[in-house]
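Sequential numbering of the sequence shown, starting at 0, is according to this note's numbering.
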Amino acid sequence: MKQLFIVRHGHAQNQTAGKSDHERPLSDPGRDEVRQLSETFRKNGFVPEKIISSTALRALETAKIIASAFEIHADEIVAEDLLYSFYDTNDFIDMLQTYVNDCQKVCVVGHNPLLAEMIFAFTGRQIVPLSPASAVVIEIESDSWQTLTTQKGILKFVVSR
Numbered sequence: 000m001k002q003l004f005i006v007r008h009g010h011a012q013n014q015t016a017g018k019s020d021h022e023r024p025l026s027d028p029g030r031d032e033v034r035q036l037s038e039t040f041r042k043n044g045f046v047p048e049k050i051i052s053s054t055a056l057r058a059l060e061t062a063k064i065i066a067s068a069f070e071i072h073a074d075e076i077v078a079e080d081l082l083y084s085f086y087d088t089n090d091f092i093d094m095l096q097t098y099v100n101d102c103q104k105v106c107v108v109g110h111n112p113l114l115a116e117m118i119f120a121f122t123g124r125q126i127v128p129l130s131p132a133s134a135v136v137i138e139i140e141s142d143s144w145q146t147l148t149t150q151k152g153i154l155k156f157v158v159s160r
């Protein structure tokens, strides 16, 4: 059994002149939301083994807060451009298969609309809106990420803000 945690980054600061969307950090309330989300995961027995994050600053900050809560070293977070500039479901599956064969529970931190599309692709369920600092846990009946296909997961847990 595999678990896929899909996490939208926490609330970010507004974009300012001279900085790109990619460079927007989390706001202070956004950091607090992610800490609360991590605690909710912990209380419900959902503990990620590996974290893959978008390369956007707000997503990386979210991933680092989650990593810290579960004693995962920040340098173990995989930063993946695909999660910022999404292409398609097959690319997402390929990404998972590239990075996570050695673990059962993977947390992916990113952005909408990609994350909402992936939730639908794997469960057939729409979670709208997937607000900042919201998350789902999908259980996938498989012994290997290499056999991952869409529509094979069960939505086990939802944290919505």
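Built from N, CA and C at the ideal position, the CB exists for glycine as well. These figures come from a predicted structure and were not determined experimentally.
Inter-residue Cα distance where the pair is residue i and residue j
i      : j      : result
Ile5   : Ser19  : 24 Å
Pro28  : Gln12  : 10 Å
Arg124 : Leu113 : 14 Å
Tyr86  : Val107 : 16 Å
Ser67  : Glu48  : 12 Å
Gly9   : Gln96  : 26 Å
Gln145 : Tyr98  : 11 Å
Arg30  : Gln14  : 17 Å
Gly152 : Leu25  : 30 Å
Ser143 : Leu56  : 31 Å
Leu188 : Ala16  : Limits of the chain in this structure are 0 at one end and 160 at the other, which puts residue 188 out of reach.
Asn111 : Ile65  : 19 Å
Beta-carbon proximity of residue i to residue j, cut-off 8 Å
i      : j      : result
Glu75  : Met94  : no
Val136 : Phe69  : no
Leu3   : Val105 : yes
7 Å CB neighbourhood of residue i in its chain, flanking five on each side removed
i      : result
Ile71  : Ile50
Thr149 : Thr88, Ala120, Phe121
Phe156 : Asn43, Phe45, Val135, Val136
N- and C-terminal bounds of the beta strand (DSSP E) containing residue i
i      : result
Lys49  : 49 to 53
Gly152 : 152 to 158
Phe4   : 1 to 7
Ala78  : 77 to 79
Glu22  : Element bounds for Glu22: n/a, residue is neither H nor E.
Val127 : Unbroken run through Val127: none, as it is neither H nor E.
Cys106 : 104 to 109
Own chain partners of residue i with C-beta closer than 6 Å, once the 5 adjacent residues on each side are dropped
i     : result
Lys1  : Gln103, Ile139, Ser141
Arg7  : Leu114, Leu129, Pro131, Ser133
Ile92 : Leu147
Where the alpha helix (DSSP H) containing residue i begins and where it ends
i      : result
Ile64  : 56 to 68
Leu113 : 113 to 122
Val33  : 27 to 42
Ile92  : 88 to 98
Beta-carbon proximity list for residue i, same chain, < 8 Å, skipping 5 on both sides
i      : result
Thr54  : His21, Ala78, Glu79, Asp80, Leu82, Tyr83
Arg160 : Glu32, Ser130, Pro131, Ala132, Ser133
Ile118 : Ile5, Arg124, Gln125, Ile126, Leu129, Val135, Ile137, Leu154
Arg41  : Ala68, Phe69
- Taking one C-beta from the region 28 to 43 and one from the region 52 to 68 each time, how about it: are there three or more such pairs within less than 8 Å? With the cut-off at 8 Å, the region 28 to 43 and the region 52 to 68 touch.
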